[in-house]
Amino acid sequence: VRSSTLSSSLALQGSDGLSTPEMFFTAGVHPHNAKDFGCGTAAQLRRIASEERCVAIGECGLDFNRNFSEPDAQRRCFSAQVELACEMGLPLFVHCREAYGELTAILRSMRPDVPVVVHCFTGAAEDLEPLLEMGNVSIGVTGWVCDDRPHRGADSLAAALHRILRRPSLQAALHRIPLDKLMIETDAPYLTPRSIRPSRARPRRN
């Protein structure tokens, strides 16, 4: 179970938020919430990440698509969490939208010696190659690659067309991902497959 704010990380810190022993969680601040990353946030995340069931730092990264937080705040927030992941020896769970060049530059300059997962990859081949060259980066792919609809909430026809046209380049990029670096994910409850109506998921245990 991934978290995206300090409050959600705190909620998952106790076992109440995890319904089975097989569930684990991440601790981090999403770039949308980077403006709330204060001087004491890293220390609080450090305490949460020391819990046995916390398995990664994140979801963190850069999102220049919506800019709910200023880019400089996002950069500071992300860099602090890269440092924390290295300090704790935990993998880094990364979000990126329309900021692959800057995100890759930060990772290259900081050289994290922990596994990195770039979650819900939506870039193209030119975004992918520099990430894979680092050697410790895995790429997460969701149902987004199969969805031919304009993104829900697109604020203009131009934005909708941009997202449709981007998909072929995303599909082409997938062939470049080595199988040992490819992760399949749902991004639940978002990106619901087109053929499935929204409903409550009830996982079946064997």
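Take the sequence shown: its position 37, counted from the start at 1, is 37 in UniProt numbering, and no numbers get skipped.
We put the beta carbon where it would ideally sit given N, CA and C, even for glycine.
Discussion item. Quick test of the definition: if touching needs 3 or more C-beta pairs under 8 Å, does the segment 81-98 touch the segment 45-63?
Written reply: yes
Practice prompt. Look up Thr142 in the DSSP assignment and say whether it is helix, strand or coil.
Written response: coil
Practice prompt. Compare the C-alpha of Gly58 against each of Pro71, Val114, Glu70 and name the closest.
Written response: Val114
Fill in: Candidates Ile177, Val55, Tyr190, Thr122, of which the one nearest Val137 by Cα
Ile177
Fill in: Option nearest Gly143 by Cα separation, candidates Gly28, Thr122, Met110
Thr122
Discussion item. Measuring only the C-alpha atoms, how far is Asp187 from Leu6?
Written reply: 20 Å
Practice prompt. Note down, one range per segment and in chain order, each alpha helix (DSSP H) of at least 4 residues found wholly within the segment 74-140.
Written response: 100-110, 125-133
Worksheet item: Thinking C-alpha only, which one of Val117, Tyr100, Ile139, Arg108 is nearest Thr126?
Response: Reading off the sequence, residue 126 comes out as Glu, not Thr. Closest by alpha carbon: Tyr100.
Fill in: Proximity to Gln171 [Cα-Cα], best of Met183, Glu185, Cys146
Cys146
Item to complete: Check each candidate in Pro198, Glu83, Phe68 and name the one with the smallest Cα separation from Gly28.
Response: Glu83
Discussion item. I believe Cys60 touches His30 by the beta-carbon criterion, under 8 Å. Please report the beta-carbon distance rounded to the nearest angstrom.
Written reply: 7 Å
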